[in-house]
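The structure under discussion appears below in the form of structure tokens.
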Amino acid sequence: MGFLSRIRRLISGQTEISGVVNVYAPVSGKVVAIEKVPDPVFSEKIVGDGLAIEPKGKLIKAPIDGRIGKIFETNHAFSIESPQGLEIFVHFGIGTVELRGNGFKRLAEEGQEVNMGDPILEFDLDYLKQHTDSLLTPVLIANMEDIQAIDKNQGQLEAGKDVIFAVKL
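Okay, structure coming up:
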């Protein structure tokens, strides 16, 4: 995604991205190191670097102001890009794609401009606990090539209120 976003910015005349962006928790819960997610695509940082959250509650919120890029057909994951060009990918749980959307409800649409904290997806935690391999929810920076540093937080976080990490572009 990073390469394509760079090309998009070049074509549109947008300047290079810079600054610091605070990324807020999209779900409430406890922070877990990305390396602990039981899927190598996430734990080996193939998709990007970040953190995971052991979720509670029922809403996945926008972690930044921006435009929704892609919401997976199964409503378990989405991407969002900030005005500065930061690309965040949120993926609820492991094994959730096999549920074909069961346990999730879409509250926003692809291409929609959202503010940090706006609800994007709703989830049924009890249903998902029974039907998934893991509830750990990776929150990743997809365009790591544009990132100079990440300051990751720890502990319990509340969705839309607490910073999960600060990103220096």
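Per numbering that gives the first Met the number 0, residue 0 is the first one in the sequence shown, and the count goes up by one each step.
Backbone N, C-alpha and C fix where the C-beta goes; we use that ideal spot for every residue, glycine too.
Cα-Cα separation, residue i to residue j
{"i": "ILE79", "j": "ILE119", "result": "10 Å"}
{"i": "PRO39", "j": "ILE93", "result": "11 Å"}
{"i": "MET143", "j": "GLY18", "result": "14 Å"}
{"i": "GLU53", "j": "ASP64", "result": "23 Å"}
{"i": "VAL36", "j": "GLN147", "result": "24 Å"}
{"i": "ALA24", "j": "THR136", "result": "10 Å"}
{"i": "PHE41", "j": "GLU34", "result": "7 Å"}
{"i": "ASP132", "j": "GLU43", "result": "18 Å"}
{"i": "GLY154", "j": "LYS55", "result": "14 Å"}
{"i": "TYR126", "j": "ALA32", "result": "24 Å"}
{"i": "MET115", "j": "ILE45", "result": "26 Å"}
Cβ-Cβ distance between residue i and residue j below 7 Å
{"i": "LYS160", "j": "LEU50", "result": "no"}
{"i": "ASP123", "j": "GLY100", "result": "no"}
{"i": "SER81", "j": "VAL138", "result": "no"}
{"i": "LYS104", "j": "GLU86", "result": "no"}
{"i": "ALA141", "j": "GLY47", "result": "yes"}
{"i": "VAL30", "j": "PRO62", "result": "no"}
{"i": "VAL26", "j": "ALA165", "result": "no"}
{"i": "VAL96", "j": "HIS75", "result": "yes"}
{"i": "ARG66", "j": "GLU108", "result": "no"}
Spatially closest choice to residue i from the options, by CA coordinates
{"i": "LEU106", "options": "GLU43, GLY65, LYS60", "result": "LYS60"}
{"i": "PHE167", "options": "PHE91, ALA24, GLN83", "result": "A quick correction: the sequence has Lys, not Phe, at residue 167. Nearest C-alpha to LYS167: GLN83."}
{"i": "THR73", "options": "HIS90, VAL31, ASP145", "result": "HIS90"}
{"i": "ASP117", "options": "VAL162, ALA32, ILE45, LEU58", "result": "LEU58"}
{"i": "GLY110", "options": "LEU134, PHE77, ASP145, LYS128", "result": "PHE77"}
Limits of the unbroken beta strand (DSSP E) element including residue i
{"i": "ASP48", "result": "48 to 55"}
{"i": "PHE103", "result": "103 to 105"}
{"i": "ALA171", "result": "Coverage of the chain is limited to positions 0 through 168, which leaves residue 171 absent and any answer about it impossible."}
{"i": "GLY18", "result": "GLY18 -> no beta strand (DSSP E), and no H or E assigned at all."}
{"i": "VAL96", "result": "Per DSSP, VAL96 belongs to no beta strand (DSSP E) and is neither H nor E."}
Start and end residues, alpha helix (DSSP H) containing residue i
{"i": "SER133", "result": "Here SER133 belongs to no alpha helix (DSSP H), and DSSP marks it neither H nor E."}
{"i": "SER81", "result": "Counting along the chain, SER81 falls outside any alpha helix (DSSP H), and DSSP gives it neither H nor E."}
{"i": "PRO39", "result": "39 to 42"}
Minimum Cβ-Cβ distance from residue i to chain D less than 7 Å
{"i": "VAL113", "result": "Judged by its chain identifiers, the structure shown contains no chain D, having just a single protein chain."}
Cβ-heavy atom distance, residue i to the ligand FMN, below 6 Å
{"i": "MET143", "result": "Questions concerning the ligand FMN fall outside what the structure shown contains, since it holds no ligand whatsoever."}
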